[in-house]
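**Q**
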Amino acid sequence: GQSLEQPSEVTAVEGAIVQINCTYQTSGFYGLSWYQQHDGGAPTFLSYNALDGLEETGRFSSFLSRSDSYGYLLLQELQMKDSASYFCAVRSLNTNAGKSTFGDGTTLTVKP
Amino acid sequence: GAVVSQHPSWVICKSGTSVKIECRSLDFQATTMFWYRQFPKQSLMLMATSNEGSKATYEQGVEKDKFLINHASLTLSTLTVTSAHPEDSSFYICSASGGSDNSPLHFGNGTRLTVT
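These protein sequences, in sequence, are chains A and B.
Take 397 as the starting number for the first sequence in this note's numbering and just add one per residue.
Take -10 as the starting number for the second sequence in this note's numbering and just add one per residue.
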């Protein structure tokens, strides 16, 4: 099966940079995704890594190291609206993205 | 981008009644859709995989007779919670991939079900 670990809570101030780590265990790794979920809302896709390295999308970047079974989401120039839960999700070989296993989520609180 | 629409966004029902939730892919055809459940402050748990034209595949521990899934067309999947009980109160979210094997998941806006 699969399992993921990510911190339960992170707090940072506006304008800062925060990194949310995710370690995973899976057989047949295919890719690691990141999703953002605001209170009461549905998750929205942020980023996806299938290969080692950094993927940058605006203020958000995601990194993957397959040899370390580790990835992180980097949020720069934090804004109040970034306060949300962030989930990493791992997808295994021969499965649709919908079969991804989600971590328990990291609640990010951005303070003024 | 891929858009998934879910209806209703919230519903309150009495114990013993059934509730149907619809999930539509608006700008792509989804042969496979996924139903998740999320309790407050917890992660998303996959309940079942909805396959167009065939039976749904349920995850271990999910009662298929209680959570009826129908995927009659390439753009619509429905989840019916039958004989609902207060413990079924949760946030139900459907999702679909954008079409290709590498596409990420796109989620509907979710349905908050409260059973009284």
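Here a beta-carbon is modelled for each residue, glycine too, at the ideal position from N, C-alpha and C.
1. Starting from Leu57(B) and walking both ways along the beta strand (DSSP E), at which residues does that stretch end?
2. Going by C-alpha distance, which of Val0(B), Phe96(B), His74(B), Leu33(B) is nearest Cys484(A)?
3. My guess is that Tyr25(B) and Ser84(B) are in contact by the Cβ rule of under 8 Å, so how many angstroms apart are they, rounded?
4. In chain order, what residues of the same chain have a beta carbon less than 7 Å from the beta carbon of Phe28(B), not counting five sequence neighbours either side?
5. When the Cα atoms are used, what is the spatial distance from Val(-8)(B) to Leu57(B)?
6. Which whole runs of the beta strand (DSSP E) in the region 1 to 42 of chain B are 3 residues long or more, in chain order?
7. Mind checking who Thr502(A) pairs with in its DSSP beta bridge?
8. Exposed or buried, Ile416(A), counting other C-beta atoms within 10 Å across all chains shown (16 or more means buried)?
9. Residues bridged to Arg101(B) by DSSP?
10. Let me know the secondary structure DSSP gives Lys507(A) once reduced to three states.
11. Looking only at its chain, what residues have a beta carbon closer than 7 Å to the beta carbon of Thr6(B), apart from the 5 residues adjacent to it on each side?
12. Please report the straight-line C-alpha distance between Trp(-1)(B) and Val70(B), rounded to a whole angstrom.
13. Is any non-hydrogen atom of the ligand NAP found closer than 6 Å to the C-beta of Ile413(A), if you look at the structure I gave you?
14. Can a CB atom of chain A be found closer than 7 Å to the CB of Phe28(B)?
15. According to the neighbour-count rule (16 or more other Cβ atoms, all chains shown, within 10 Å of its Cβ), is Met476(A) buried or exposed?
16. Can you round the beta-carbon distance between Tyr420(A) and Val486(A) to whole angstroms, since I take them to be within the 8 Å contact cut?
**A** Let me spell this out:
1. 56 to 62
2. That would be Leu33(B), whose Cα lies nearest to the Cα of Cys484(A).
3. 7 Å
4. Ser79
5. CA-to-CA, the gap between Val(-8)(B) and Leu57(B) works out to about 23 Å.
6. 8 to 14, 21 to 27, 34 to 40
7. Tyr482(A)
8. buried
9. Beta-bridge pairing links Arg101(B) to Trp(-1)(B), Phe80(B).
10. strand
11. If the five residues before and after Thr6(B) are omitted, its C-beta is found closer than 7 Å to the C-beta atoms of Ala73, all from its own chain and listed in chain order.
12. Taking the straight line joining both Cα atoms gives about 14 Å.
13. This structure lacks the ligand NAP, and indeed carries no ligand of any kind.
14. no
15. exposed
16. Contact flag correct, Cβ pair sits at about 5 Å.
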